[in-house]
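A.B. asks:
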């Protein structure tokens, strides 16, 4: 039942266009003398089922990309379409609707301390009410099983280790089989083995369920799991490396180097 | 989720409930003592079995009742449903004990000694003693310095006291108690009353007490009387209505009402401050989690609902120990002061409504911090 549900979702994801389309995005924090532009003509496209790593030094704009693409922050300039929704003119209600279709994984797990593991994950399903999932308990069990936490369903977060909490947070992000997952350093708090397990899980989600994954990371141990690695610096994409055959293109026309990298990596998908 | 969050931090929950309970006790005590004090102002009315009271339109309280024509009694007796009636004279006088230079302000009631309108057998059985000129029945619970006078009267002696420069005799005792308006009460015949208060006229009455016929509805009869008697000099009220009127007058026109109402407001704001601190700290502690919920697609309204749920639960759960403790304190205070501190059914409803308002108001202020839960800050 669960597998069929996930297959259906994967099929549905494949039918739609790119999960993320962003072009000429600019973003500035502050104003006047203190204004700081963190994104400069940023472009990216992430297809369904694709896992893209976003890397670069701190302050280069990676997290801002996640917040803009995730409809957590209003777009100032440029174009972003997330899961088919144009965010340029999206009001608060529309942005909330987009967020509901995204699985977020944060560096800090942010689990509700008063809720059990099962209830924390259930919150990700409850937000979809009144379109409640008929098999809510099964979905939660399956998500917990995927992250190896099925035996901890009734535990409170305070009784879990940091790695376990992060795995629960991941289960919460994936339980509704979102077509897009945005992750910020999901392996930062994990040791090598657990980090590997989490990345494999996300990779599996991308391939098995057709979810698009955009992950900010500094963890060089997980590069092999990515379909594409996008490096940023000073608000721009400075390098794109395709590790496997991509299902869609990623490009940035702001630098010659980017175009050269894309031509080298994705010749068949050049515009 | 609100309940789960409250329950998760047990110490904070206990402190919050204690805070709400203390605020409720404060409010209950202020209302209880104020109500008891105002009740003493109308305690003399409870001596009478009247269903309807006719008063001057200038009436303010028992001691300031004004006068209305005595003939209104006879007109009222002709109204269908009125069974009997009597004139009541009311005046305040300074009583001086022969053993002391100190004086007491005593409320004197002048009645027909044949009046069958006293609810207390202790008084009704002694009314015949008032047929003697300058004889009084005296309230043994009158504030000092009348201890020696009462002790002698208890021994069956007629005890002389000086009232407004005239010597009268206490020929019997009854128990009523002091009030906010007077140190005690005395009952005289209408003839003695007019001697003590020579400015009063026999043609005028402070009040007229009426009893309705068995089975008759007092309000219906009162309405009939209103149609007969001129409103220009007669106000027609049911006895309880008159008592409420006096109490309301005391509340509006004496410092007592202001002081205790202020106390109620202080209790309200103490509760507000405690609940606000608890809810605000709770919201602050959960900001990252609230921001995460917003990122997941939960609306701001949902988060408001969580905080208001917590506020509602604190109000409901804190009210229970608050009212239970108040019952105990009412009993203790009543036993210690002889104040009749009652808990009318309307008071718990009022305090519960105030508690809900207090907690929801606190919650509303605390939710301002929710705006700080920016989902973009979660990353």
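Residue numbers (the numbering used here), protein chains in the order written: chain A, 906 to 1176; chain B, 8 to 386.
Positions of the beta carbon are idealized from the N, C-alpha and C atoms, including for glycine.
Predicted model only: the values in this text are computed from it and were never measured.
Closer than 7 Å by C-beta to residue 1027 of chain A: which residues in its own chain qualify, once you throw out the five before and the five after it? Chain order, please.
C.D. replies: Position 122 of the first chain, counted from the first residue, corresponds to residue 1027 of chain A. So the qualifying residues of the chain are 1041 and 1045.
A.B. asks: Rank A/1008, A/1064, A/932 and A/946 by C-alpha distance to the C-alpha of residue 1107 of chain A and give the top, closest one.
C.D. replies: The residue given as residue 1107 of chain A occupies position 202 in the first chain. Considering only alpha carbons, the answer is A/1008.
A.B. asks: Grab me the residues of residue 978 of chain A's own chain with a C-beta within less than 6 Å of its C-beta, minus the 5 sequence neighbours each way, in chain order.
C.D. replies: Taking the first residue of the first chain as 1, we reach residue 978 of chain A at position 73. Around residue 978 of chain A: 972.
A.B. asks: Report all residues from its chain with a CB closer than 6 Å to the CB of residue 1099 of chain A; omit the five preceding and five following residues, and keep chain order.
C.D. replies: Stepping through the first chain from its first residue, residue 1099 of chain A is reached at position 194. Once the five neighbours on either side are set aside, the close Cβ partners of residue 1099 of chain A are 1068.
A.B. asks: Which residues does DSSP pair with residue 97 of chain B in a beta bridge?
C.D. replies: Here residue 97 of chain B refers to the residue found at position 90 of the second chain. Beta-bridge pairing links residue 97 of chain B to B/116.
A.B. asks: Using a Cβ-Cβ cut-off of less than 7 Å, list which residues of the region 927-953 of chain A approach chain B; keep chain order.
C.D. replies: Cβ contacts with chain B come from no residue of the region 927-953 of chain A.
A.B. asks: From the DSSP output, in three-state form, read off residue 387 of chain B for me.
C.D. replies: Residue 387 of chain B is absent from the model: chain B starts at 8 and stops at 386.
A.B. asks: Check for me: the alpha helix (DSSP H) holding residue 1051 of chain A runs from which residue to which?
C.D. replies: Position 146 of the first chain, counting from 1, holds the residue named residue 1051 of chain A. Residue 1051 of chain A -> alpha helix (DSSP H) spans 1041-1051.
A.B. asks: For residue 929 of chain A, which of helix, strand or coil comes out of DSSP?
C.D. replies: By 1-based counting over the first chain, the position of residue 929 of chain A is 24. Correct three-state label for residue 929 of chain A: strand.
A.B. asks: Measure the Cβ-Cβ separation of residue 219 of chain B and residue 83 of chain B and say whether it is below 7 Å.
C.D. replies: In the second chain, the residue the question calls residue 219 of chain B occupies position 212. In the second chain, the residue the question calls residue 83 of chain B occupies position 76. Not in contact: residue 219 of chain B and residue 83 of chain B (Cβ atoms no closer than 7 Å).
A.B. asks: Does residue 374 of chain B come within less than 7 Å of chain A when only Cβ atoms are used?
C.D. replies: Numbered from 1 along the second chain, position 367 holds the residue referred to as residue 374 of chain B. So, not an interface residue.
A.B. asks: Using the Cα positions of residue 16 of chain B and residue 1019 of chain A, report the straight-line distance between them to the nearest angstrom.
C.D. replies: For the purposes of this step, residue 16 of chain B is taken as the residue at position 9 of the second chain. For the purposes of this step, residue 1019 of chain A is taken as the residue at position 114 of the first chain. If I take the Cα positions, the gap works out to 8 Å.
A.B. asks: Candidates B/186, B/192 and B/172: which alpha carbon is nearest residue 179 of chain B's?
C.D. replies: Residue numbering aside, residue 179 of chain B sits at position 172 when the second chain is read from its first letter. Out of B/186, B/192 and B/172, B/192 has the C-alpha closest to the C-alpha of residue 179 of chain B.
A.B. asks: State the beta-bridge partners of residue 1138 of chain A as determined by DSSP.
C.D. replies: As a working mapping, residue 1138 of chain A is identified with position 233 in the first chain. Bridge partners of residue 1138 of chain A: A/1141.
A.B. asks: Can you give the Cα-Cα distance for residue 1155 of chain A and residue 957 of chain A, rounded to whole angstroms?
C.D. replies: In the first chain, residue 1155 of chain A corresponds to position 250, counting from 1. In the first chain, residue 957 of chain A corresponds to position 52, counting from 1. Low confidence applies here, because residue 1155 of chain A scores a pLDDT of 35, under 50, leaving its location unreliable and the question unanswered by this model.
A.B. asks: Between which two residues does the alpha helix (DSSP H) holding residue 970 of chain A run?
C.D. replies: Numbered from 1 along the first chain, position 65 holds the residue referred to as residue 970 of chain A. Segment 967-974, the alpha helix (DSSP H) holding residue 970 of chain A.
A.B. asks: Quick check on residue 948 of chain A: does DSSP put it in helix, strand or coil?
C.D. replies: Numbered from 1 along the first chain, position 43 holds the residue referred to as residue 948 of chain A. Here residue 948 of chain A sits in strand by DSSP.
A.B. asks: So for residue 45 of chain B, helix, strand or coil by DSSP?
C.D. replies: Within the second chain, residue 45 of chain B is the residue found at index 38, counting from 1. Helix, per DSSP.
A.B. asks: Nearest to residue 243 of chain B by alpha carbon, out of B/30, B/182 and B/63?
C.D. replies: As a working mapping, residue 243 of chain B is identified with position 236 in the second chain. Here the closest residue by C-alpha is B/63.
A.B. asks: Is the number of C-beta pairs between the region 360-371 of chain B and the region 278-291 of chain B that are closer than 8 Å three or more?
C.D. replies: Short answer: they touch.
A.B. asks: Residue ranges of each beta strand (DSSP E) run of no fewer than 3 residues wholly in the region 973-1017 of chain A, ordered along the chain?
C.D. replies: Those beta strand (DSSP E) runs which fall completely within the region 973-1017 of chain A and span 3+ residues are 982-987 and 1007-1010.
A.B. asks: Just tell me which of A/1088, A/1144, A/1101 and A/988 has its CA closest to the CA of residue 299 of chain B.
C.D. replies: Numbered from 1 along the second chain, position 292 holds the residue referred to as residue 299 of chain B. When only C-alpha atoms are compared, the closest one is A/1088.
A.B. asks: Assign residue 242 of chain B to one of three DSSP states: helix, strand, or coil.
C.D. replies: If you number the second chain from 1, residue 242 of chain B lands on position 235. Three-state result, residue 242 of chain B: strand.
A.B. asks: Just to confirm the assignment, what range does the alpha helix (DSSP H) spanning residue 143 of chain B have?
C.D. replies: Here residue 143 of chain B refers to the residue found at position 136 of the second chain. No alpha helix (DSSP H) holds residue 143 of chain B; the beta strand (DSSP E) holding it covers 142-146.
A.B. asks: For a quick check, are the C-beta atoms of residue 215 of chain B and residue 358 of chain B less than 7 Å apart?
C.D. replies: The residue given as residue 215 of chain B occupies position 208 in the second chain. The residue given as residue 358 of chain B occupies position 351 in the second chain. It is not a contact, given that the beta carbons lie outside the stated cut-off.
A.B. asks: Taking one C-beta from the region 43-56 of chain B and one from the region 225-234 of chain B each time, how about it: are there three or more such pairs within less than 8 Å?
C.D. replies: The region 43-56 of chain B vs the region 225-234 of chain B: no contact.
A.B. asks: For the region 1055-1068 of chain A and the region 1000-1007 of chain A, state whether three or more C-beta atom pairs, one from each stretch, are separated by less than 8 Å.
C.D. replies: In short, these stretches do not touch, since the Cβ pair count stays below three.
A.B. asks: Quick one: what does DSSP say residue 1147 of chain A is sitting in, helix, strand or coil?
C.D. replies: For the purposes of this step, residue 1147 of chain A is identified with residue 242 of the first chain, where counting begins at 1. DSSP places residue 1147 of chain A in strand when its eight states are reduced to three.
A.B. asks: Measuring CB atoms only, is the region 112-126 of chain B touching the region 184-198 of chain B, in the sense that at least three cross pairs come out at less than 8 Å?
C.D. replies: The region 112-126 of chain B is in contact with the region 184-198 of chain B.
A.B. asks: Starting from the C-beta of residue 226 of chain B, find all residues in its chain whose C-beta is less than 8 Å away, skip the five residues before and the five after it, and write them out in chain order.
C.D. replies: Position 219 of the second chain, counting from 1, holds the residue named residue 226 of chain B. Answer for residue 226 of chain B: 245, listed in chain order.
A.B. asks: Measuring only between beta-carbons, confirm whether residue 347 of chain B sits less than 7 Å from chain A.
C.D. replies: Mapped onto the second chain, residue 347 of chain B falls at position 340. Cβ-Cβ to chain A under 7 Å: no for residue 347 of chain B.
A.B. asks: What does the alpha-carbon distance come out to for the pair residue 335 of chain B and residue 42 of chain B?
C.D. replies: Here residue 335 of chain B corresponds to residue number 328 of the second chain, with the count starting at 1. Here residue 42 of chain B corresponds to residue number 35 of the second chain, with the count starting at 1. About 17 Å.
A.B. asks: Going along chain B, which residues have a C-beta under 7 Å from residue 1015 of chain A?
C.D. replies: Here the question's residue 1015 of chain A lines up with position 110 in the first chain. What residue 1015 of chain A touches in chain B: 295, 296, 299 and 385.
A.B. asks: With DSSP as the reference, label residue 22 of chain B as helix, strand or coil.
C.D. replies: Sequence index remark: in the second chain, residue 22 of chain B carries index 15 (1-based). Residue 22 of chain B: helix per DSSP, three-state reduction.
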